[in-house]
Amino acid sequence: NTSAIIAKLNLINSVMGAHKKTNKIYLYKPNKYMKVNGVRAGKTEFFPRTFIDNYFSEKEIIDNVFDISAFDFPFHKRVCIFLTSNDLFFNFEDKFNSILEKNEFDKYIFKSHPLVAEKYRDNSFTGYDSIMAEVLLLKLLSNGNEVVVYHYGTSAELYIVNENIRFERIYQ
């Protein structure tokens, strides 16, 4: 598989924290992570608060890191976020366009995984790529939006639980 070869050459590992050069990983849900990935227990630490609690306790700093004020966020709208995976060879625009054609949302956001972001810089729905998906979702939710996230297996689904957000897993 070409993707696997490229991942190895770039020292990328598809299991978060499993690379041989990783000494320790910090997790919000260590039991779930261990069940899914089986990484040695000595390599894991956990956060005592939830992701959402951590975000809101450090919101000003985090929003400054991601330059949130530079973005135009909708208020009280139906928002579609399309999160790509890190597959360099898959054409995510075709799937995104099929969602656009249904015209079900007030706002569409195409957010690339950092490893493929350069490939989609010309997409007119991008621009939010520099914001961590979880931070983007919390900002949209705090503005009273209803959000549907189309994704290929995002960890954001583990951390962001809210009645105004729905995650729809896409299988390639």
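The sequence shown begins at 42 in the working numbering and counts up one residue at a time. The beta-carbon is built from N, C-alpha and C at its ideal position, and this holds for glycine as well. In this text the structure is predicted, and so the values were computed from the model without any measurement.
- prompt: Per DSSP, residue 148 forms a beta bridge with which residues?
  reply: For the purposes of this step, residue 148 is identified with residue 107 of the sequence shown, where counting begins at 1. In the DSSP output, where bridge partners are listed per residue, residue 148 has 120.
- request: Taking the CB atoms as reference points, tell me whether residue 39 and residue 69 lie closer together than 9 Å.
  value: Not covered by the structure: residue 39. The range shown for the chain is 42 to 213.
Boundaries of the beta strand (DSSP E) in which residue 86 is found, first to last residue: Residue mapping note: residue 86 aligns to position 45 of the sequence shown, counting from 1. Unbroken beta strand (DSSP E) run through residue 86: 85-87.
field: Buried or exposed (CB count within 10 angstroms, at least 16 for buried), residue 116
entry: On the sequence shown, residue 116 is found 75 positions in, with the first residue counted as 1. Counting Cβ neighbours within 10 Å, residue 116 comes out exposed, since fewer than 16 surround it.
task: Output the distance between the C-alpha atoms of residue 67 and residue 119, rounded to the nearest integer angstrom.
output: On the sequence shown, position 26 is the one that residue 67 refers to. On the sequence shown, position 78 is the one that residue 119 refers to. Their Cα atoms are separated by approximately 33 Å.
- prompt: So, helix, strand or coil for residue 103, using DSSP?
  reply: Reading the sequence shown from its first residue, position 62 is the one you call residue 103. Helix.
contact_flag[the stretch 195-208, the stretch 158-176] where n(CB pairs < 8 Å) is 3 or more: Enough Cβ pairs lie closer than 8 Å, so yes.
message: Let's see if you can read the secondary structure: which residues bound the beta strand (DSSP E) around residue 191?
response: Translated into positions along the sequence shown, residue 191 becomes position 150. For residue 191, the uninterrupted beta strand (DSSP E) segment begins and ends at 187-192.
- request: In angstroms with no decimal places, state the Cα-to-Cα distance between residue 149 and residue 63.
  value: As a working mapping, residue 149 is identified with position 108 in the sequence shown. As a working mapping, residue 63 is identified with position 22 in the sequence shown. Here the C-alpha atom of residue 149 lies approximately 36 Å from the C-alpha atom of residue 63.
Cut-off 6 Å between Cβ atoms - residues of its own chain near residue 85, not counting five sequence neighbours on either side: By one-based count along the sequence shown, residue 85 stands at place 44. Residues 66, 68, 71 of the same chain have their beta carbon placed closer than 6 Å to that of residue 85, with the five preceding and five following residues left out of the count.
Three-state secondary structure (DSSP) of residue 214: With the chain represented from 42 up to 213, any question about residue 214 goes unanswered, as that position is not in the structure.
task: Give a yes or no on whether the C-beta atoms belonging to residue 151 and residue 125 are separated by under 9 Å.
output: Here residue 151 refers to the residue found at position 110 of the sequence shown. Here residue 125 refers to the residue found at position 84 of the sequence shown. Taking 9 Å as the cut-off, the Cβ atoms of residue 151 and residue 125 count as close.
- request: Starting from residue 175, trace the beta strand (DSSP E) both ways and give me its first and last residue.
  value: The count along the sequence shown starts at 1 and reaches residue 175 at position 134. Not the beta strand (DSSP E): residue 175 falls in the alpha helix (DSSP H), residues 174-183.
query: Nearest CA to the CA of residue 189: which residue from 157, 164, 167, 146?
result: As a working mapping, residue 189 is identified with position 148 in the sequence shown. Here the closest residue by C-alpha is 146.
query: Where does residue 102 land, buried or exposed, given buried means 16+ other C-beta within 10 angstroms?
result: If you number the sequence shown from 1, residue 102 lands on position 61. Residue 102 comes out exposed.
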